[in-house]
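To get the working numbering, take the position in the sequence shown, counting from 1, and add 2.
Reading through the structure tokens given below for one structure.
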Amino acid sequence: MAARVKIADIVLPPGYKPSESEPFMNDMHKAYFRKRLLDWKDEILRQTRETLAILHEDSTQHADLADRATSETDRATELRTRDRQRKLIAKIDAALGRIEDGSYGYCEDTGEPIGLKRLDARPIATLSVEAQERHERREKVYREE
């Protein structure tokens, strides 16, 4: 019996992109999306560190009321952005978990493959385009009621 390859140990060829001609969600696909997700997460964390440094530097008291108001507005915007980034990191971590458990790339509603183009555009996608559209139509109906 052959030893199972760890996705984390796979080295992708330079410029590799998953192809529809390959078996869906083979180990190379998983390694590609794992790398994309980890790189995305690292970039978000880097931006968060920079934001925290800027917020810390800008935390000095402003004598002018207008300057203080502008600073508070900027701070609130940055904090909302950080909250969105925190939620995005949770989705990235969930996608990484799905790569590990073998469910990554398959629609949560139908179990069908999500599709490489959609995953390349949105690596945290959990629904196929069709399932996402159905979900959005149902949401719209509930909002209109």
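Think of the CB as a built atom: it goes at the ideal place given N, C-alpha and C, for glycine as much as any other residue.
Neighbourhood of residue i by C-beta distance below 8 Å, restricted to the same chain and skipping five residues each side
i   : result
M3  : Low confidence applies here, because M3 scores a pLDDT of 47, under 50, leaving its location unreliable; read the following figure in that light. Once the five neighbours on either side are set aside, M3 has no close Cβ partner at all.
A53 : Residue identity check: residue 53 is Thr in the sequence provided, not Ala. These residues qualify, in order along the chain: E80, T83 and R84.
Cβ neighbours of residue i in the same chain (closer than 7 Å, five flanking residues each side left out)
i   : result
R38 : P125
V7  : D29
Of the listed residues the options, nearest to residue i (C-alpha basis)
i   : options                   : result
T50 : R82, E110, G117 and E24   : R82
E22 : R136, L121, V143 and E141 : L121
E24 : D103, R140 and G117       : G117
Supposed close pair residue i, residue j - CB separation, criterion 8 Å
i   : j    : result
I9  : D29  : 6 Å
K19 : I101 : That pair is no contact at about 17 Å.
L98 : I46  : With 8 Å as the limit, L98 and I46 do not qualify as a contact, their Cβ atoms being about 13 Å apart.
DSSP bridge partner residues for residue i (one or two, in chain order)
i    : result
P115 : Y108
Residues of its chain near residue i, where Cβ-Cβ distance is below 6 Å and the 5 sequence neighbours each way are ignored
i   : result
K93 : I126
F35 : P125
M27 : G107
### Query
Pairing CB atoms from the stretch 125-145 with CB atoms from the stretch 100-112, are three or more of them under 8 Å?
yes
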